[in-house]
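Visitor: Just passing along the structure, written as structure tokens.
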Amino acid sequence: MGAYAKAYEQSLADPERFWLDAAGLIDWDVFPERALDDANAPFYRWFPGGRLNTSYNALDRHIERGAGDRTALIWDSAMEPAQRRYTYRRLRDEVARAAGALAGLGVGEGDRVIVYMPMVPEAVITMLACARIGAVHSVVFGGFAPRELAVRIDDARPKVVVTASCGIEPTRVVPYKPILDQALDMAAHRPDHVLLLQRDRQRAELGPGELDWADVVPGAAPADPVPVDSTDPLYILYTSGTTGKPKGVLRTNGDHAVALAWSMGAIYDIGAGDVWWTASDVGWVVGHSYIVYGPLLVGATTVMYEGKPVGTPDAGAFWRVISEYGVKKLFAAPTALRIIKKVDPDGAELAKYDLGSLSGVFMAGERLDPETWQWATEKLGVPVIDHWWQTETGWAIAANPQGLEPMPVKPGSATVPMPGWDVRIVDATGAELPPGQEGEIVIKLPLPPGALATLWGDDERFLDSYLSRHEGYYTTGDSGYRDEDGYLFVMGRVDDVINVAGHRLSTGAMEAALAAHPAVAECAVIGVPDPVKGQIPYGLVVLKAGAEVAEDELRAELIAAVRREVGPVAAFRDVAVVPALPKTRSGKILRKTMRGLAAGREEPVPPTIEDPAVLEAIKPLLRLHE
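Mapped onto UniProt numbering, the consecutive letters of the sequence shown carry residue numbers 1 to 626.
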């Protein structure tokens with residue numbers, strides 16, 4: 001039995017032993033006597049009785065072991081431009097002062113702090129400062145609209161909001177203070193204080209009771225780490241809700257630290273002194289888990305990048321960062337590579353940099369289509385590995401465990417379930433499906449450490465949203481299948497399965513066929529209403545830079561490709577070329593919004609949209625299918 005199979009089997013057969021062993025990766029003030037408390041299932045509690053401090057584990061303990069001068073954080077801003085390096089000692093000292101400043105503003109154990117900041121080191125410092133004093137942080141993506149921020153303020157009821165004067169985008173400066181002011185005017189809850197970091201690009205006027213970071217934090221008395229219960233909350237992270245009210249995913253301290261520390265070594269093969277770069281934002285779960293907590297818990301060097309894959313200044317931006325800092329592993333969303341591929345399909349910019357330090361690339365956030373995988377694998381010459389997880393799960397449900405036992409890559413697959421994740425494929429009735437047959441992906445309870453404990457202040461909604469559809473299982477909302485080797489293929493959201501004349505078909509399979517065309521940079525397929533077949537697929541494709549092909553010819557080739565790969569039953573006959581696809585700021589294509597518009601509904605523009613103009617530009621194409 002290989003290392004992966006042994007670990008996976010033990011994690012399901014004897015989770016007590018497996019996770020108590022993993023708990024040894026963390027320093028505890030009181031080591032837990034047992035791993036799982038299931039007395040109040042399905043509200044499971046991991047490592048009851050254990051006490052620890054997450055900030056101490058991320059910073060102080062490395063210093064105490066002689067690594068105080070090791071680089072903990074590298075901040076690279078392509079927007080200012082500027083760079084900063086923090087050793088573990090410097091980062092600990094700044095976090096301790098920020099924690100002292102928050103404590104001086106009345107923040108204590110269990111109190112909430114909303115962090116509404118761009119990609120600057122002070123965002124990381126504030127998160128770790130909250131953890132240091134037992135406070136609960138809730139990071140809201142910088143630039144979110146006032147209404148969305150107000151809803152989160154009312155739900156979390158923070159004592160303090162920490163913000164910045166502005167965020168910097170490639171083509172504009174986004175003033176944060178007016179957005180926050182509008183949000184506070186809309187919100188019923190009023191925080192005691194607003195603490196604001198001034199950025200030179202655009203400074204903000206402070207109102208009564210509002211404080212300047214520079215006046216409060218540098219001179220504050222450092223705060224020592226406060227031990228908290230393993231089951232005490234660490235952070236709230238809001239994810240979109242179908243009712244319009246966001247869901248506050250709640251993560252607790254002990255199991256979060258154990259899961260992330262275990263994953264850094266076993267999945268990513270990253271340990272003390274390795275340079276690790278997650279090209280995401282601290283406003284997303286990927287940023288929480290793998291810009292901030294995961295790499296620091298194991299003593300690695302984490303890179304924090306303020307910029308874009310292209311345009312800051314060119315399609316070589318990612319390769320510059322990897323080369324300049326000696327990045328060992330990159331974690332990014334597939335859309336980032338697709339954007340680079342679109343602008344620089346031949347890799348001319350990549351050829352300018354020495355990527356000798358890079359040994360692997362991890363992709364998540366959306367399905368990694370085989371065409372993008374092929375391009376990246378050829379150009380980079382290292383393993384390009386898809387893996388699958390969600391805001392709710394906090395870390396990978398399925399992955400290729402590079403530190404535990406590297407496995408062969410299968411394009412289109414997230415590889416295999418990770419220890420603790422008992423993944424099943426079921427039909428609408430909950431009956432398990434055989435290998436090769438697509439269905440709903442569910443996970444048998446209990447979920448492993450690191451997953452959400454509940455939704456903030458709303459246990460009932462937690463049950464209704466995730467645990468009610470199939471008793472005893474967590475519903476992921478994704479569809480897919482396992483092959484004969486146990487590899488998991490995640491094909492998309494359950495909503496992305498369309499019913500064509502009684503045949504349930506995955507739009508992911510059709511997208512894979514479109515993406516394989518040499519002229520296509522990225523694509524999306526949605527189901528649109530049809531009076532005869534119920535639904536039919538409709539394709540939208542973005543061409544690579546410099547692609548020269550007649551649209552009629554391209555359309556014929558793409559229709560033939562889908563017919564060849566999926567079959568005539570797909571009834572794929574309509575595809576349009578568009579300049580860009582509407583996406584969220586984290587790179588996810590707005591398929592649900594496009595489906596609604598195609599069905600004739602007036603869909604609200606999601607607050608996470610990257611560029612509303614892109615959606616407006618394609619609306620006429622979608623309305624043809626009302």
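From the three backbone atoms N, C-alpha and C, an ideal C-beta is built for every residue, glycine too. Source: prediction; values computed, not measured.
1) Using the C-alpha atoms, what's the distance from ARG70 back to ALA103?
2) Buried or exposed: which applies to VAL623, given that a residue is buried once 16 or more other Cβ atoms fall within 10 Å of its Cβ?
3) For the beta strand (DSSP E) containing GLN83, list its first residue and its last residue.
4) Does the contact criterion of 3 or more C-beta pairs under 8 Å hold for the segment 141-159 versus the segment 607-614?
5) Cα separation between ASP185 and VAL578?
6) What is the residue span of the beta strand (DSSP E) that PRO227 lies within?
7) Apart from the five residues on each side of it in sequence, which residues of its chain come closer than 7 Å, Cβ to Cβ, to ALA545?
8) Is it true that the CB of MET304 sits closer than 8 Å to the CB of LEU73?
9) Assuming LYS329 is part of the beta strand (DSSP E), what are its boundary residues?
10) To the nearest whole angstrom, what separates the beta carbons of TYR487 and LEU445, a pair I think is in contact under 8 Å?
11) Which first and last residues belong to the beta strand (DSSP E) in which MET363 is found?
12) Pop quiz: VAL490 and GLY477 are said to be a contact at Cβ under 8 Å. What is the actual Cβ separation, rounded to whole angstroms?
13) Measure the alpha-carbon distance for PRO511 versus MET79 and round it to whole angstroms.
14) Might you give, ordered along the chain, the residues of its own chain that have their beta carbon closer than 6 Å to the beta carbon of HIS189, omitting 5 neighbours on each side?
15) Taking the C-alpha atoms as reference points, what is the distance between ILE291 and VAL321?
16) Report yes or no: do the segment 101-116 and the segment 127-141 share at least 3 C-beta pairs separated by less than 8 Å?
17) Quick check on GLY439: does DSSP put it in helix, strand or coil?
18) Taking C-alpha atoms, which residue in ALA513, LEU59, GLY539 and ARG601 lies nearest to ALA272?
19) Is the beta carbon of VAL542 less than 8 Å from the beta carbon of LEU581?
20) Does DSSP put TRP75 in a helix, a strand or coil?
21) Using the C-alpha atoms, what's the distance from GLU169 back to GLU306?
22) Using the C-alpha atoms, what's the distance from TRP277 back to GLY436?
23) Which of the three DSSP states, helix, strand or coil, is assigned to TRP456?
24) Run through DSSP, which three-state label would THR242 get?
25) Would you please state the rounded distance, in angstroms, between the beta carbons of PRO175 and GLN202? I believe it to be under 8 Å.
26) Distance, Cα to Cα, PRO417 vs ILE443?
27) In terms of residues, what are the limits of the beta strand (DSSP E) holding TRP277?
28) What separation, rounded to the nearest whole angstrom, lies between the Cα atoms of ARG367 and ALA266?
29) Do you know offhand how far VAL575's Cα is from TYR86's?
30) Would the segment 313-320 and the segment 346-354 be scored as touching if the rule is three or more Cβ pairs under 8 Å?
31) Just verifying my parser: in three-state terms, what is the DSSP assignment at GLN374?
32) Determine contact between the segment 527-534 and the segment 544-560, defined as no fewer than three beta-carbon pairs at a distance below 8 Å.
33) Within the same chain, show all residues whose beta-carbon is closer than 6 Å to that of ALA333, passing over the 5 residues directly before and after it, in chain order.
34) So, helix, strand or coil for MET186, using DSSP?
35) So if DSSP puts ASP386 in a beta bridge, which residue, or which two residues, is it bridged to?
36) Using the DSSP secondary-structure output, state which residues sit across from GLY480 in a beta bridge.
Guide: According to the structure shown:
1) ALA103 and ARG70: Cα-Cα distance of roughly 28 Å.
2) Per the sequence shown, residue 623 should be read as Arg rather than Val. By the neighbour-count rule (16 or more Cβ atoms within 10 Å), ARG623 is not buried but exposed.
3) Start and end: 82-87.
4) Here the segment 141-159 makes contact with the segment 607-614; the two share three or more CB pairs at distances below 8 Å.
5) The straight-line gap from Cα to Cα measures roughly 39 Å.
6) For PRO227, there is no enclosing beta strand (DSSP E), as DSSP marks it with neither H nor E.
7) Cβ neighbours of ALA545 within its own chain (closer than 7 Å, five residues either side excluded): LYS342, VAL343 and PRO345.
8) It is a contact, given that the beta carbons lie within the stated cut-off.
9) 329-332 is the span of the beta strand (DSSP E), which, as asked, contains LYS329.
10) No, TYR487 and LEU445 are not in contact; Cβ-Cβ is about 23 Å, not under 8 Å.
11) Bounds of the beta strand (DSSP E) holding MET363 are 360-363.
12) Contact between VAL490 and GLY477 fails: their C-beta atoms lie close to 11 Å from each other, not under 8 Å.
13) One detail in the question is off: residue 511 reads as Glu in this sequence, not Pro. Each residue's Cα considered, the two are about 34 Å apart.
14) Result list for HIS189: ILE153, ASP154 and ARG157, in chain order.
15) So the two alpha carbons sit approximately 15 Å from each other.
16) The segment 101-116 vs the segment 127-141: in contact.
17) Strand.
18) With respect to the C-alpha of ALA272, the residue from ALA513, LEU59, GLY539 and ARG601 having the closest C-alpha is LEU59.
19) Their beta carbons are under 8 Å apart, which means VAL542 touches LEU581 by this criterion.
20) DSSP places TRP75 within a strand segment (E or B) once states are collapsed to three.
21) Distance from the CA atom of GLU306 to the CA atom of GLU169, rounded to whole angstroms, is 9 Å.
22) GLY436 and TRP277: Cα-Cα distance of roughly 35 Å.
23) DSSP places TRP456 in the coil class of the three-state scheme, outside both helix and strand.
24) With a pLDDT of 49 at THR242, under the threshold of 50, the modelled position of this residue cannot be trusted; read the value that follows with caution. If DSSP states are grouped into helix, strand and coil, THR242 belongs with coil.
25) Contact between PRO175 and GLN202 holds: CB atoms are separated by about 6 Å, below the 8 Å threshold.
26) Going by the C-alpha atoms only, they are around 10 Å apart.
27) Run containing TRP277: 275-278, per the beta strand (DSSP E) assignment.
28) Those two C-alpha atoms are separated by around 22 Å.
29) The alpha-carbon of VAL575 is positioned some 50 Å away from that of TYR86.
30) Output reads yes: the segment 346-354 touches the segment 313-320.
31) Here GLN374 sits in helix by DSSP.
32) With fewer than three CB-CB distances shorter than 8 Å, the segment 527-534 does not count as touching the segment 544-560.
33) So the qualifying residues of the chain are GLY365 and GLY587.
34) In this structure, MET186 counts as helix in the three-state DSSP scheme.
35) Answer is MET363.
36) In the DSSP output, where bridge partners are listed per residue, GLY480 has GLY439 and VAL490.
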